[in-house]
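Trainee:
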Amino acid sequence: MNRVFKVQRMLLERIAALERAGGERDTSLQWERMHLASCARNGYFLAARRGYDAELAAVACSVHDYGRIVTGRHEDHAAAGYEPVKVFLGESGCFTAEEAELIALAVKGHSSKGEIGSALEEIVKDADVLDCHQYGIPLPGESYRRRLAAILAELGL
Ligand SMILES: [Fe+2]
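Okay, so the sequence shown: first residue is 1044 according to my numbering, each after it adds one.
1) Just to confirm, does A1121 get its C-beta within under 7 Å of one of the non-hydrogen atoms of ligand 1?
2) Going by alpha carbons, who is nearest to L1054 out of D1069, Q1073, R1068?
3) Taking Cβ positions, are H1107 and H1153 nearer each other than 8 Å?
4) At a cut of 8 Å, does the region 1174 to 1194 reach the region 1153 to 1164 through at least three beta carbon pairs?
5) Which term fits A1196, buried or exposed, when burial requires 16 or more other beta carbons within 10 angstroms of its beta carbon?
6) Check whether the Cβ of R1076 lies closer than 7 Å to any heavy atom of ligand 1, and answer yes or no.
7) Give a single yes or no on whether D1108 has its beta carbon closer than 7 Å to a heavy atom of ligand 1.
8) Between the region 1081 to 1099 and the region 1121 to 1133, do at least 3 Cβ pairs fall closer than 8 Å?
9) Pick helix, strand or coil for E1053, following the three-state DSSP scheme.
As structure tokens, this is what we get:
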């Protein structure tokens, strides 16, 4: 079992607990489950293509919407995930402080689709946009559409 497996299992347990607790949410927990796993897969392959650590990328993609998962709110969910995701990764016991910070920064920046961030942040943004495209979800803005066009060209799709 690698760190992607461990993080996703922990996250699915957290989601199940939130589901039992109930309450209003902007996005369904069913979508969160689907999106975290398929973003991770997209991120794994994008990272492998770009010479980046594919496992770390898949972990970052798995947790990128952690802020929305734990707060239930979409607005400002990227920034809202920054501190809680570091706690979550710390609880897993399998990341260095440097790795947790790198992932948390990618979580924090992932909604800024028109800006260029770290290599990891770019993988998370691209995996996110590609995942929404693969599920036929309309992209919310021009920066998303430009990013999608670049990813599809990169992948020859
Ligand atoms: Fe997000």
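We put the beta carbon where it would ideally sit given N, CA and C, even for glycine. Note that the coordinates shown come from a computational prediction; the quantities given were computed from them, not determined experimentally.
Mentor: In terms of the structure at hand:
1) For the purposes of this step, residue 1121 is taken as residue 78 along the sequence shown, with counting starting at 1. Under cutoff, so the answer is yes.
2) By 1-based counting over the sequence shown, the position of residue 1054 is 11. It is Q1073.
3) On the sequence shown, position 64 is the one that residue 1107 refers to. On the sequence shown, position 110 is the one that residue 1153 refers to. Yes.
4) Taking 8 Å as the limit for Cβ pairs, the verdict is that the region 1153 to 1164 does touch the region 1174 to 1194.
5) By 1-based counting over the sequence shown, the position of residue 1196 is 153. Exposed: under 16 other Cβ atoms inside 10 Å.
6) Within the sequence shown, residue 1076 is the residue found at index 33, counting from 1. Because no heavy atom of ligand 1 lies under 7 Å away, the Cβ of R1076 does not count as near it: no.
7) The residue labelled residue 1108 in the question sits at position 65 within the sequence shown. The nearest non-hydrogen atom of ligand 1 is less than 7 Å from the C-beta of D1108.
8) At 8 Å Cβ cutoff, the stretches do not touch.
9) Taking the first residue of the sequence shown as 1, we reach residue 1053 at position 10. It should be pointed out that residue 1053 corresponds to Met in this sequence rather than to Glu. DSSP, reduced to helix, strand and coil, places M1053 within a helical segment of the structure shown.
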